[in-house]
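Note sheet for the following structure.
2 protein chains.
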Amino acid sequence: MSSNFSHSEENYIKNIYHLQQSTGFATTNELAAALRSKPASITDMLKKLKAKKLLIYEPYKEFNLSPQGKRIALGIVRRHRLWEYFLVEKLKFGWDEVHEIAEELEHVSNKKLTDQLDQFLNYPRFDPHGDPIPDSNGKMIVQQQMILTELALNAPSQVSSVGSQSSELLELLKHKNITIGTRVEVKKKFSFDRSMELKLNNQVAVNISEQLASVLFVKSV
Amino acid sequence: MSSNFSHSEENYIKNIYHLQQSTGFATTNELAAALRSKPASITDMLKKLKAKKLLIYEPYKEFNLSPQGKRIALGIVRRHRLWEYFLVEKLKFGWDEVHEIAEELEHVSNKKLTDQLDQFLNYPRFDPHGDPIPDSNGKMIVQQQMILTELALNAPSQVSSVGSQSSELLELLKHKNITIGTRVEVKKKFSFDRSMELKLNNQVAVNISEQLASVLFVKSV
DNA sequence: AAATAAATTTAGACAAACCTAAAAAAAATT
DNA sequence: AATTTTTTTTAGGTTTGTCTAAATTTATTT
Ligand SMILES: [Mn+2]
Ligand SMILES: [Mn+2]
Ligand SMILES: [Mn+2]
Ligand SMILES: [Mn+2]
């Protein structure tokens, strides 16, 4: 009755989920890049996941998780984000240190453990990077947010999440004193390099690169 | 510099450690029984652990962990027991439910994670089963304790640990209201079946079987 | 419509971790 | 001391998950 998947299978499932969240579907090459493995390895696993009815896949085509596969993905995402929240809130880790550890903890799958942890943490709805945490039924809040590059001039908004967990990004944000919840207004956009000047928390003015702006999600306030 | 071991290697190392703690050394058959695998598989792994300098082993002989192997074992035991403590104290699990989960969590090996968890828990010195938790240097309290079967009549003592993590044992102890710290005096020993009558917490009288007495460790008070 | 480039799959290997059955060594009995 | 039993190892397989190199399919250009 109770299904059990290997670490490897779970990492594939989760990454397919993230890919199809951002582009609607997943492809062999993109998944290989995400998992830092090779396309041939991906094809092997796609066959296994299809055989287990977790994946909708035909050779040479793009692929998507089946409803069952998506249910499993949401469980993994739930565990990952709950542990990240735990590490930051209870163990006092920085938000740039928790992703790798959660990458391991997410594979300890025991329903009671996850649900008790959730309760212990007081049912947090967002992880330290601003991403929503699925509840025990896989439901989560969908934020309407936009990429900072698309935000209109002088529109009051705040950072709602970041589009990458890389410690390089998080280090840069720490340096610039930008975190989830920081108030942002775009004061000027420079067409030369598409960098922009921001006002942070209605006070400081900073300049950020296009690369940075393109991984910052904001919502209007 | 930083070594990394597979789940399987870690389970072998930890179980060799426990065997040599109780009998001074480990053997192929005993380890196979402990790991619920087959002797041939054990031999395979012994060669690998020897090649990695974690094990002192010659074919057909008993074996022991090298100092390095023991250091690693203590790290695994530390994580296992800290997580058990966390599960009972923070997530409100029963002491009979935590062993299996800790069996997984112990493999998430990140020094900062373990040390921060230790601090968060306030540096507990014993796990829920009364076993000592190694500190970050691998040091732990050695309790002088004896098996209940060897305790003299009317000697005031208390339960200090249990010699098995089986949920069957823990269920029985829960039923008899015996837990770590319970005061115990042996009032009578029956030679017919070597069962014994106990006084618990200076109040209740209960009868326990030899099998049960032989997995209860006590220390005098 | 051909030719070229890119994406994907297949073929064939390999390492890790397990297994069964058979052989060898060590220990216990007679 | 010889025989029997027990313990351990070896030989030879299997599964999972990975890889490289070659082949195939699909997409893009010319
Ligand atoms: Mn992971
Ligand atoms: Mn996150
Ligand atoms: Mn384990
Ligand atoms: Mn324990």
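The listed protein sequences derive, respectively, from chains C and V.
Per the numbering used here, residue 2 is the first one in the first sequence, and the count goes up by one each step.
Per the numbering used here, residue 2 is the first one in the second sequence, and the count goes up by one each step.
Where a beta carbon is used, it is the ideal one built from N, C-alpha and C, also for glycine.
Computed from a predicted model, the values in this text were never measured in an experiment.
The beta-carbon of V:F64 is placed no less than 8 Å from the nearest beta-carbon of chain C.
Note on geometry: alpha-carbon atoms of V:T29 and C:S168 lie some 45 Å from one another. With respect to the 8 Å criterion, C:I43 and C:A33 are classified as neighbours on the basis of their beta carbons. Looking only at V:V143, V:A153, V:S9, the smallest Cα-Cα distance to V:S161 is reached by V:V143.
A check of alpha carbon separations from C:I148 across C:G139, C:K112, C:M141, C:S158 identifies C:S158 as the nearest. At a cut-off of 7 Å, the beta-carbon of V:N16 does not count as near ligand 3: no heavy atom of the ligand is closer than that. Not one heavy atom of ligand 3 is found less than 7 Å from the C-beta of V:H130. The CB of V:K93 comes closer than 9 Å to the CB of Q117, Q120, F121 in chain C, given here in chain order.
At a threshold of 7 Å, C:N12 counts as near ligand 1, since its beta carbon sits closer than that to one of the ligand's heavy atoms.
Using a Cβ-Cβ cut-off of 8 Å, C:I73 is close to nothing in chain V; its nearest Cβ partner there is about 17 Å away. In the displayed model, C:V163 falls within a strand according to three-state DSSP.
Distance from the CA atom of C:N203 to the CA atom of C:V185, rounded to whole angstroms, is 7 Å. The DSSP-derived three-state label of C:L217 is strand. Short of 6 Å from the beta carbon of C:N65, and not among the five residues preceding or following it, lie these beta carbons of its own chain, in chain order: Q21, F26, I57. Here the C-alpha atom of V:S215 lies approximately 35 Å from the C-alpha atom of C:T115.
Spanning the alpha carbons of C:S137 and C:A74 requires a straight line of approximately 12 Å.
Interface with chain C (8 Å Cβ-Cβ cutoff): V:V109 is included. Under the Cβ criterion of 8 Å, V:I181 is not counted among the residues facing chain C.
Taking C-beta atoms as the reference points, C:R72 and C:G139 count as a pair closer than 8 Å. Using a Cβ-Cβ cut-off of 8 Å, V:E105 counts as an interface residue toward chain C, since at least one Cβ of chain C sits closer than that to its own. At least 8 Å separates the beta-carbon of C:L118 from that of C:E90.
Under the Cβ criterion of 8 Å, C:L114 is counted among the residues facing chain V. The alpha helix (DSSP H) runs of length 4 or more contained entirely in the region 86-149 of chain C are, from start to end of the chain, 99-106, 112-121.
Residues of chain C with a Cβ closer than 8 Å to the Cβ of V:I102 are, in chain order, V109, N111, L114. Pairing V:E172 with V:M197, the inter-Cα distance amounts to about 19 Å. By alpha-carbon distance to V:L55, the top candidate from V:E98, V:Q212, V:D97, V:K15 is V:K15. Shown here, C:L152 sits in coil according to DSSP, grouped into three states, outside any helix or strand. Ligand 4 never approaches V:H176 closely enough for any of its heavy atoms to be under 7 Å from the residue's Cβ.
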